[in-house]
Amino acid sequence: MSCTRRILNAVRFTCRSSPTSCRRFCASQPVMASRHAHARRIEGLDKNVWVAFTSVAADPSIVNLGQGFPDIPPPSYVKEALAKAVSVDRMNQYTRGFGHPSLVKALSQVYGKVYGRQVDPLKEILVTVGGYGSLFSTMQGLVDEGDEVIIVEPFFDCYVPMVRMAGAKPVLIPLRPKSGKKTVSSGDWFLDPDELSAKFSSKTKAIIINTPNNPIGKVFTRGELQVIADLCIKHDTLCFSDEVYEWLVFKGHQHVKIATLPGMWDRTITIGSAGKTFSVTGWKLGWSIGPEHLIKHLQTVMQNTLYTCPTPLQEAVAQGLLLNYKLMGQPDCYFSSLAEELEGKRDRLAAILQEAGMTPVIPEGGYFMLVDVTPLNQDLSHMGDDEAYDYKFVKWMIKEKKLAAIPVTAFVGEESKEQFEKYIRLCFIKEDSTLEAAGNILKNWRKV
Amino acid sequence: MGIIRILAPYLTLIRPNLGQNHKLIMARRLYASRTIGVDKNVWVEFTQLAADYKAVNLGQGFPDFSPPQFVQDAFCKAVSGGPQMHQYTRAFGHPRLVKSLAKFFSRIVGQEIDPFEDVLVTVGAYQALFCAFQALIDDGDEVIIVEPFFDCYQPMVLMAGGTAVYVPLRPKGGSTVLSSGDWVLSAEELASKITPRTKAIVINTPNNPLGKVYKVEELQMIADLCIKHDLLCFSDEVYEWLTYDGAKHIKIASLPGMWERTITVGSAGKTFSATGWKVGWAISSGKLIKHMKIIHQNSVYHCATAAQEAVSHGFDREYELFGTPESYFQQLPAMLHQKRQKVASCLRSVGLQPVMPEGGYFMITDISSVHVDLNDESTKNESYDFRFVKWLIKEKGLATIPVSAFFSPEHSKEFDKYIRFCFVKEDSTLEAAEEILRKWSQKE
Numbered sequence: 001m002s003c004t005r006r007i008l009n010a011v012r013f014t015c016r017s018s019p020t021s022c023r024r025f026c027a028s029q030p031v032m033a034s035r036h037a038h039a040r041r042i043e044g045l046d047k048n049v050w051v052a053f054t055s056v057a058a059d060p061s062i063v064n065l066g067q068g069f070p071d072i073p074p075p076s077y078v079k080e081a082l083a084k085a086v087s088v089d090r091m092n093q094y095t096r097g098f099g100h101p102s103l104v105k106a107l108s109q110v111y112g113k114v115y116g117r118q119v120d121p122l123k124e125i126l127v128t129v130g131g132y133g134s135l136f137s138t139m140q141g142l143v144d145e146g147d148e149v150i151i152v153e154p155f156f157d158c159y160v161p162m163v164r165m166a167g168a169k170p171v172l173i174p175l176r177p178k179s180g181k182k183t184v185s186s187g188d189w190f191l192d193p194d195e196l197s198a199k200f201s202s203k204t205k206a207i208i209i210n211t212p213n214n215p216i217g218k219v220f221t222r223g224e225l226q227v228i229a230d231l232c233i234k235h236d237t238l239c240f241s242d243e244v245y246e247w248l249v250f251k252g253h254q255h256v257k258i259a260t261l262p263g264m265w266d267r268t269i270t271i272g273s274a275g276k277t278f279s280v281t282g283w284k285l286g287w288s289i290g291p292e293h294l295i296k297h298l299q300t301v302m303q304n305t306l307y308t309c310p311t312p313l314q315e316a317v318a319q320g321l322l323l324n325y326k327l328m329g330q331p332d333c334y335f336s337s338l339a340e341e342l343e344g345k346r347d348r349l350a351a352i353l354q355e356a357g358m359t360p361v362i363p364e365g366g367y368f369m370l371v372d373v374t375p376l377n378q379d380l381s382h383m384g385d386d387e388a389y390d391y392k393f394v395k396w397m398i399k400e401k402k403l404a405a406i407p408v409t410a411f412v413g414e415e416s417k418e419q420f421e422k423y424i425r426l427c428f429i430k431e432d433s434t435l436e437a438a439g440n441i442l443k444n445w446r447k448v
Numbered sequence: 001m002g003i004i005r006i007l008a009p010y011l012t013l014i015r016p017n018l019g020q021n022h023k024l025i026m027a028r029r030l031y032a033s034r035t036i037g038v039d040k041n042v043w044v045e046f047t048q049l050a051a052d053y054k055a056v057n058l059g060q061g062f063p064d065f066s067p068p069q070f071v072q073d074a075f076c077k078a079v080s081g082g083p084q085m086h087q088y089t090r091a092f093g094h095p096r097l098v099k100s101l102a103k104f105f106s107r108i109v110g111q112e113i114d115p116f117e118d119v120l121v122t123v124g125a126y127q128a129l130f131c132a133f134q135a136l137i138d139d140g141d142e143v144i145i146v147e148p149f150f151d152c153y154q155p156m157v158l159m160a161g162g163t164a165v166y167v168p169l170r171p172k173g174g175s176t177v178l179s180s181g182d183w184v185l186s187a188e189e190l191a192s193k194i195t196p197r198t199k200a201i202v203i204n205t206p207n208n209p210l211g212k213v214y215k216v217e218e219l220q221m222i223a224d225l226c227i228k229h230d231l232l233c234f235s236d237e238v239y240e241w242l243t244y245d246g247a248k249h250i251k252i253a254s255l256p257g258m259w260e261r262t263i264t265v266g267s268a269g270k271t272f273s274a275t276g277w278k279v280g281w282a283i284s285s286g287k288l289i290k291h292m293k294i295i296h297q298n299s300v301y302h303c304a305t306a307a308q309e310a311v312s313h314g315f316d317r318e319y320e321l322f323g324t325p326e327s328y329f330q331q332l333p334a335m336l337h338q339k340r341q342k343v344a345s346c347l348r349s350v351g352l353q354p355v356m357p358e359g360g361y362f363m364i365t366d367i368s369s370v371h372v373d374l375n376d377e378s379t380k381n382e383s384y385d386f387r388f389v390k391w392l393i394k395e396k397g398l399a400t401i402p403v404s405a406f407f408s409p410e411h412s413k414e415f416d417k418y419i420r421f422c423f424v425k426e427d428s429t430l431e432a433a434e435e436i437l438r439k440w441s442q443k444e
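Here the protein sequences come in this chain order: A and B.
For the first sequence, the UniProt record's numbering gives the first residue as 1, with consecutive numbering after it.
For the second sequence, the UniProt record's numbering gives the first residue as 1, with consecutive numbering after it.
(1) Pull out every residue of the region 133–155 of chain B whose Cβ sits closer than 9 Å to any Cβ of chain A, in chain order.
(2) Between GLN29 of chain A and chain B, is any beta-carbon pair separated by less than 9 Å?
(3) Quick check: the region 292–300 of chain B against the region 118–127 of chain B, are there 3 or more CB pairs under 8 Å?
(4) Please report the distance separating the alpha-carbon of GLU124 of chain A from that of GLN353 of chain B.
(5) Going by beta carbon distance, what residues of the same chain come within less than 6 Å of THR128 of chain A, once the five residues before and after it are set aside?
(6) How many whole angstroms separate the CB atoms of ASP364 of chain A and PRO212 of chain A, which I take to be in contact at a CB cut-off of 8 Å?
(7) Helix, strand or coil: how does DSSP classify ILE151 of chain A here?
(8) Quick check on the burial criterion: 16 or more other C-beta atoms within 10 angstroms. Buried or exposed for ASN21 of chain B?
(9) Report yes or no: is there a C-beta of chain B within less than 9 Å of the C-beta of GLN354 of chain A?
(10) Starting from the C-beta of VAL86 of chain A, find all residues in its chain whose C-beta is less than 7 Å away, skip the five residues before and the five after it, and write them out in chain order.
(11) Taking 8 Å as the threshold, find out whether the region 428–440 of chain B comes into contact with the region 375–384 of chain B through three or more Cβ pairs.
(12) According to DSSP, which residues form a beta bridge with ASP236 of chain B?
(13) Compare the Cα-Cα distances from TYR334 of chain A to each of A:GLU292, A:SER279, A:VAL104 and A:TYR391 and report the closest residue.
(14) With a cut-off of 9 Å, does the C-beta of LYS284 of chain A fall near any C-beta of chain D?
(15) Using 8 Å as the Cβ pair cut-off and three pairs as the minimum, do the region 379–392 of chain A and the region 416–426 of chain A touch?
(16) Interface residues of chain B around HIS235 of chain A at Cβ under 7 Å?
(17) Distance cutoff 9 Å, beta carbons only. Does ALA405 of chain B sit that close to anything in chain A?
(18) Residues of chain A with a CB under 9 Å from the CB of ALA223 of chain B: which are they?
(19) Near VAL213 of chain B, which residues of its chain fall below 7 Å by C-beta distance, leaving aside the five closest residues on each side in sequence?
(20) Between ASP120 of chain A and GLU315 of chain A, which are expected to be in contact by the criterion C-beta below 8 Å, what is the C-beta distance as a whole number of angstroms?
(21) Restricting to runs no shorter than 3 residues, where is the beta strand (DSSP E) found entirely within the region 330–410 of chain B?
(22) If you scan the region 44–85 of chain B from start to end, which runs of the alpha helix (DSSP H) of 4 or more residues do you find wholly inside it?
(23) Hey, could you find the ends of the alpha helix (DSSP H) PHE412 of chain A is sitting in?
(24) Buried or exposed, going by whether 16 or more other CB atoms sit within 10 Å of the CB of GLY351 of chain B?
(25) Since ILE209 of chain A contacts SER241 of chain A with CB under 8 Å, what's their CB separation in whole angstroms?
(26) I think LYS394 of chain B touches TYR166 of chain B, with their Cβ atoms under 8 Å apart; what is that distance to the nearest whole Å?
(27) Under the three-state reduction of DSSP, which class applies to THR324 of chain B: helix, strand or coil?
(28) By DSSP, does THR14 of chain A sit in helix, in strand, or in coil?
(29) I need the boundaries of the beta strand (DSSP E) containing GLY286 of chain A, first residue and last residue.
(30) Sorted by chain position, which residues of the same chain lie with C-beta nearer than 8 Å to PRO74 of chain A's C-beta, five sequence neighbours on each side aside?
(31) Listing by chain order, which chain B residues have their CB less than 7 Å from the CB of LEU45 of chain A?
(32) Using three-state DSSP, classify TRP283 of chain A as helix, strand or coil.
(33) Using a Cβ-Cβ cut-off of less than 7 Å, give me the residues of the region 79–99 of chain A that come near chain B, in sequence order.
(34) By how many angstroms is the C-alpha of GLY263 of chain A removed from the C-alpha of ALA58 of chain A?
(35) Kindly list the residues whose CB is nearer than 7 Å to the CB of GLU189 of chain B, restricted to its own chain and excluding five residues on each side of it in sequence; keep chain order.
(36) Quick check on LEU255 of chain B: does DSSP put it in helix, strand or coil?
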């Protein structure tokens, strides 16, 4: 405990036992730390873009291309599996803490095939509350005070607060657009290998990558992942690979798991999500896959934070995985059919944005598309100077145009804000009618 | 503990030689220091053992009967509800649920509870406790834990950088102790444990494993100390509806001066006999909830939507039926009252001395009168009750939980002659247990 706190505590205690001296003493103290003071670990972590924007966008009159969840229905068989599970007595009670047995077995099968190696269901898998919960268990289990963690910008916004809550320092490196050219694809954004190399230090504990990336939609190539892997091995760091959108990769691109590169299995935690896999974000189930010597520390965190995930939901996801495992490689496997459906929506949204005079960054994977709104020439000077342009733009657009998006500077650090503040993020895993409604709003932009 | 932490940076992990080259993964330690000393877990160990030996399981606390039809129906209805039932809901709690909880508990606490400020929905009461410790306990803070305690409190204090200070409930001196009401807290002993570093006190009523239901004067004594020393109170009330023999559950948060310093934790799992749904909540003044929200939004962020929707319908039904015979909150304790009697008589009939619980899911039993040859090398260095429970699983096929698991290292030796039974089981399970105990006592 810091010296100051010890003194303050001692003073508080003496104060309580001698009121008169306390009053005199207290009067001369400008501020007494509140007894109900929060723990230091949450300092500076209160802001959250979702808390700020989701309630506003929940208004049904707003066309919501903001938060990343589908408004298309999930496959009926997963819903049926859930209803069925709830009707079985045992499925309404606690299951195995680190993952419901039928679920970890199904995951072991699916990923055994994908990885081309045996994945031990009990020792190399942890089921968590969404991909989010996996990220948290990973950070809490493996990242310590004083560590540094490299994060690629733009990043899913929770990485930085989670690293900070673990007492570590986020070290940011931006994806940069190919110089000169107007970027038309997420593939035009890349990491400078020299710049990346310079970010590694003796304190680096891990690097976090997200492929396909949220919000840009970049799908890292094997070559790009090899550069990262080489640095992890050279500097003996861990790799946390957020692959929640792993199945949502569009034609001409391939999802590569960094854990399959030589030397990487032993130092990588790979994160997946039932919510993104089966279009059921409200089920909040995800998983971490990795070597036993890493997963066991995530399991320790799990048993001391929430202990176990809901049983019937896990059973239903297991059924969904088993069904699709049999169909893997075939066109009616949901893992590929969803990507196909999504690609059509991606192209539709891109066309809508292009018709409105903008140049979207066409994503190679994932749910989202970035677009530079400069061509709309929207004057926001009346909104003051205290926020980045994209925050102001999105707030204005929600209010005036009834169209919701997410500001991209929410996904970058201070130094990169200027580079990204003209971009907004649009989610396209939406009904065609939702996308068309967005199209109408953009078409009629100039009309009052 | 301190020595391990100091040496930790020098520990290395070498991947076992699997016929390939030795590889050093990280010269620095892999795991974060906050995970040191919190890796062992009594449930992981004993549920595995019960499963391995296919024991009649009166160990872990979950019902082996189904939740009531009305909540199962509500869940099914939610599943076939609109697409939004399967997508993210409000992070701090599904609007319908926080409104139901606020309405329901405002009436009980006698305090207007704001659904959006004063309520946080979590993944089980377990996660509510986690958020409370992480949000409000800092390095060097002391937390008083009343023993016997639900085992997770101690590692959660540790993980938050705090120091656990223990105060035991003790059986009143004198004759045989027959009820959980005979176990009391000494006001002097409690007061003596408070130091300038004490931040909070954790209580659990009805208590797991003892079943004690704190009386208003006992809670007032604790409240007085909290107010005098400006402490927080974490009140784990997951078994709040399960009281027997007219014992009344009282919320410490409803005592004067306590609302703004108490976090009350509740559980849909225990309320509706659906432990596998993992829906819980924390209710408190918005000033404390806001800190917990920050932990929540940086750890799990949301809880499952459909489960929250179902629990909300459950509470709305109970709000209307409250105090009437149709209320599940009347029917469940009445049903468990019977089961509690059944298990207690069965234990007495074989010469054991159960401590009759005033509330909750569990009954502890004094096993000091039982003499068995615990001839098991593998458990040689463990405490008596741990050895006894393992023997009972392996030799008799009956699973229970050793009570010293719920005591601190400094006091566990005083309480190593008790084992815990869960009586929230189908009659067939209880009868199977009865059969095992009867056969065993006949052999002696």
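Note that CB positions come from ideal geometry on N, CA and C, so glycine has one too.
Given the structure is predicted, the values throughout are model-derived calculations rather than measurements.
Inspection of the coordinates gives the following:
(1) Along the region 133–155 of chain B, going in chain order, the ones with a CB nearer than 9 Å to a CB of chain A are PHE133, GLN134, ALA135, LEU136, ILE137, ASP138, ASP139, GLY140, ASP141, CYS152 and PRO155.
(2) Working through the first sequence from its first residue, we reach residue 29 of chain A at position 29. Confidence in GLN29 of chain A is poor, its pLDDT being 32 and thus under 50, which makes the residue's placement too unreliable to answer from.
(3) By the Cβ criterion, the region 292–300 of chain B is in contact with the region 118–127 of chain B, since at least three pairs of Cβ atoms, one from each stretch, lie closer than 8 Å.
(4) Taking the first sequence and counting its residues from 1, one reaches residue 124 of chain A at position 124. Taking the second sequence and counting its residues from 1, one reaches residue 353 of chain B at position 353. Each residue's Cα considered, the two are about 44 Å apart.
(5) Position 128 of the first sequence, counting from 1, holds the residue named residue 128 of chain A. Answer for THR128 of chain A: SER134, SER137 and GLY286, listed in chain order.
(6) Counting from 1 along the first sequence, the entry for residue 364 of chain A is found at position 364. Counting from 1 along the first sequence, the entry for residue 212 of chain A is found at position 212. With the sequence shown as reference, residue 364 of chain A is identified as Glu, and Asp is not the correct amino acid for it. With a contact defined as Cβ atoms closer than 8 Å, GLU364 of chain A and PRO212 of chain A qualify at about 7 Å.
(7) Sequence index remark: in the first sequence, residue 151 of chain A carries index 151 (1-based). Correct three-state label for ILE151 of chain A: strand.
(8) By one-based count along the second sequence, residue 21 of chain B stands at place 21. Residue placement at ASN21 of chain B cannot be trusted, given a pLDDT of 35 that sits under 50; what the coordinates show is reported in the next sentence. ASN21 of chain B comes out exposed.
(9) As a first step, residue 354 of chain A must be located in the first sequence, where it is residue number 354. Judged by the 9 Å Cβ criterion, GLN354 of chain A is not in contact with chain B.
(10) On the first sequence, residue 86 of chain A is found 86 positions in, with the first residue counted as 1. If we look at VAL86 of chain A and ignore the five residues flanking it on each side, its Cβ neighbours are ASN92 and PRO312.
(11) The way I'd put it, the region 428–440 of chain B doesn't touch the region 375–384 of chain B; fewer than three beta-carbon pairs between them come closer than 8 Å.
(12) Your numbering for residue 236 of chain B matches position 236 in the second sequence. Residue pairing by DSSP places ASP236 of chain B opposite B:ASN204 and B:VAL265 in a beta bridge.
(13) Here residue 334 of chain A corresponds to residue number 334 of the first sequence, with the count starting at 1. For TYR334 of chain A, the closest of A:GLU292, A:SER279, A:VAL104 and A:TYR391 by C-alpha to C-alpha distance is A:SER279.
(14) As a matter of chain content, chain D is missing from the structure shown, whose protein chains are A and B.
(15) The region 379–392 of chain A makes contact with the region 416–426 of chain A: 3 or more CB pairs, one atom from each, lie closer than 8 Å.
(16) Mapped onto the first sequence, residue 235 of chain A falls at position 235. Within chain B, no residue has its CB atom less than 7 Å from the CB of HIS235 of chain A, the nearest being about 10 Å off.
(17) Taking the first residue of the second sequence as 1, we reach residue 405 of chain B at position 405. Output row for ALA405 of chain B: interface = no.
(18) One-based indexing of the second sequence puts residue 223 of chain B at position 223. In chain A, no part has a C-beta under 9 Å from the C-beta of ALA223 of chain B; the shortest such distance is about 16 Å.
(19) The residue labelled residue 213 of chain B in the question sits at position 213 within the second sequence. THR205, PRO206, THR243, ALA247, HIS249, GLU358 and GLY359, listed in sequence order.
(20) Position 120 of the first sequence, counted from the start, is the residue given in the question as residue 120 of chain A. Position 315 of the first sequence, counted from the start, is the residue given in the question as residue 315 of chain A. About 21 Å separates the two Cβ atoms, so there is no contact after all.
(21) List check, beta strand (DSSP E) in window: 353–355 and 362–366.
(22) Runs of the alpha helix (DSSP H) inside the region 44–85 of chain B: 69–79.
(23) What you label residue 412 of chain A is simply residue 412 of the first sequence in a count that begins at 1. With the sequence shown as reference, residue 412 of chain A is identified as Val, and Phe is not the correct amino acid for it. Run containing VAL412 of chain A: none; DSSP gives neither H nor E here.
(24) Residue mapping note: residue 351 of chain B aligns to position 351 of the second sequence, counting from 1. GLY351 of chain B comes out exposed.
(25) Numbered from 1 along the first sequence, position 209 holds the residue referred to as residue 209 of chain A. Numbered from 1 along the first sequence, position 241 holds the residue referred to as residue 241 of chain A. Contact flag correct, Cβ pair sits at about 5 Å.
(26) Here the question's residue 394 of chain B lines up with position 394 in the second sequence. Here the question's residue 166 of chain B lines up with position 166 in the second sequence. Rounded, the Cβ-Cβ distance is 31 Å, inconsistent with contact.
(27) In the second sequence, residue 324 of chain B corresponds to position 324, counting from 1. Three-state result, THR324 of chain B: coil.
(28) Taking the first residue of the first sequence as position 1, residue 14 of chain A is located at position 14. Because THR14 of chain A sits at a pLDDT of 40, beneath the cut-off of 50, its placement in the model cannot be relied upon, and the point is left open.
(29) Within the first sequence, the letter at position 286 stands for residue 286 of chain A. From DSSP, the beta strand (DSSP E) with GLY286 of chain A extends over 286–289.
(30) In the first sequence, counting from the first residue as 1, residue 74 of chain A sits at position 74. A distance below 8 Å between beta-carbons, with the five flanking residues on each side excluded, links PRO74 of chain A to the following residues of its chain, in chain order: PHE278, SER279 and VAL280.
(31) Working through the first sequence from its first residue, we reach residue 45 of chain A at position 45. Simply ILE294 and ASN298.
(32) Your numbering for residue 283 of chain A matches position 283 in the first sequence. The answer is helix: DSSP assigns TRP283 of chain A an H, G or I state.
(33) Taking a C-beta cut-off of 7 Å against chain B, the contacting residues of the region 79–99 of chain A are LYS79, LEU82, ALA83, VAL86, SER87, ASP89, MET91, ASN92, GLN93, TYR94, THR95 and GLY97, listed in chain order.
(34) If you number the first sequence from 1, residue 58 of chain A lands on position 58. If you number the first sequence from 1, residue 263 of chain A lands on position 263. Going from the Cα of ALA58 of chain A to the Cα of GLY263 of chain A covers about 46 Å.
(35) Start at 1 with the first residue of the second sequence, and residue 189 of chain B comes out as number 189. Contacts found: VAL167.
(36) Working through the second sequence from its first residue, we reach residue 255 of chain B at position 255. Coil.
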